[in-house]
Amino acid sequence: MEVSFCRFFLWIVYIIIDRWTMGSRRTHQTIVNFLADATKTVWISVEYRLGPEYKYPIWLNDACDVTRHIIENKESYGVDQTAKIGVAGDSAGGMISACVSQEVKNIDFQILIYGLYDFTHSAPSYKEFVDPQYFSTPELLEWFIKNGFGDGVYMNDSRMSVFRNKSPEQLPSTLFIVAELDPLRDDSFTYKEILDKAGVKNKLVHLKGVLHTFFALPGIYPKACAQAADAIQEFMASI
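When the letters of the sequence shown are read in order and numbered with mature numbering (1 follows the signal peptide of the UniProt record, and there is no 0), they come out as residues -23 to -1, 1 to 216.
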């Protein structure tokens, strides 16, 4: 079978068992397989060393190293050297994917699914969805951040904050998948505005009535997951 694109898929498990501290490739392999089949492209799922044993920047370096390896060894994964490569991920994986796109050259696109991009948590959505029913409570967010980052120096680290990127015009085409009932929702809106001003091609798909973790729960959110998969397929076909 001829494969026209090679997609590096950096998928990080949803918030309840992730956020730089928990989870593995096995927990999302079904979704990765589904997306590879739906888009008829190559997806490679990876995992990184986790906190609290391995804090930032170890896991970001892991993600960047794997991405560079894929870019430099495309033919080993069944595609030729002209194949395009992108990064993707959800939640913390969305954040890491965005950071990888800033660090690694020759990335053609990024798919960011309800990522966390603002560590100040100052956007209105963080205050709107504080109830435990929305999963990502302020206390839970701080627990994950403490175990993934440590002492907080990351707050002013340009590697971590995509909002501090001084050259956003160099970023690749971007697809945002956003959940309506999500404390992290407005981070994606703000990041889209930054890319709009920088002239970067991007699209945002805002799915109503779903929580932060919806893409990992196709049995509960079949319609939203199908809509997200369709958006991903359409976006990748446009690259």
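The beta-carbon is built from N, C-alpha and C at its ideal position, and this holds for glycine as well. Bear in mind that the values here come from a model prediction, so they are computed numbers and not experimental data.
Among residues of its own chain, excluding the 5 on either side of residue i, which ones have a beta-carbon nearer than 8 Å to its beta-carbon?
i           : result
I(-8)       : Residue placement at I(-8) is poorly supported in this model, since its pLDDT is 30, which falls under 50; the coordinates still yield a value, given next. Taken in chain order, the residues that qualify are F112, T190.
L148        : S78, Q79, Q87, N142, L172, A175, V177
L12         : F(-15), W20, A206, I209
residue 224 : Residue coverage of the chain in this structure runs from -23 to 216, which leaves residue 224 outside it and unanswerable.
Could you work out which residue in the options is closest to residue i when comparing CA atoms only?
i    : options                : result
H46  : N83, A156, T16, S99    : N83
Y94  : I209, L188, L118, P195 : L118
A208 : V9, A75, H5, A15       : A15
V177 : I216, R136, A206       : I216
L181 : L194, S165, G196       : S165
N179 : L194, E211, F192, A193 : E211
R136 : Y25, T114, M213, N38   : N38
K123 : Y31, Q6, P109          : Y31
H5   : M213, Q204, F192       : F192
S99  : K17, E170, S22, P160   : P160
G127 : Y33, K17, K169, T7     : Y33
M213 : R26, P109, D85         : D85
Can you give me the Cβ contacts of residue i inside the same chain, cut-off strictly under 7 Å, excluding the 5 residues immediately before and after it?
i           : result
R162        : S102, V155, A156
M(-23)      : Residue placement at M(-23) is flagged as unreliable, the pLDDT there being 37, under the threshold of 50; the coordinate-derived value follows with that caveat. Closer than 7 Å at Cβ, skipping near neighbours: no residue.
T114        : V107
residue 243 : Residue 243 lies beyond the stretch modelled for the chain, which goes from -23 to 216, so this question has no answer here.
Give me, in chain order, the residues of the same chain whose beta-carbon lies closer than 6 Å to that of residue i; leave out the 5 immediate sequence neighbours on both sides.
i    : result
V77  : A40, C41, T44, V64
G71  : L89, I90, G92
P195 : C202
My understanding is that residue i touches residue j, with C-beta atoms under 8 Å, so please give their C-beta distance in whole angstroms.
i    : j   : result
V56  : V19 : 6 Å
S68  : Y91 : 6 Å
S138 : F96 : 7 Å
If you check the beta carbons only, do residue i and residue j fall under 8 Å apart?
i    : j    : result
I48  : I62  : yes
T151 : Q87  : yes
G28  : G125 : yes
Compare the C-beta of residue i against all C-beta atoms of chain B and say whether one is closer than 8 Å.
i   : result
E52 : As a matter of chain content, chain B is missing from the structure shown, which is built from one protein chain.
If we count Cβ pairs, one from each stretch, closer than 8 Å, do we get three or more for the segment 132 to 142 versus the segment 199 to 210?
-> no
Count the CB pairs spanning the segment 182 to 196 and the segment 150 to 157 that are closer than 8 Å, and state whether there are at least three.
-> yes
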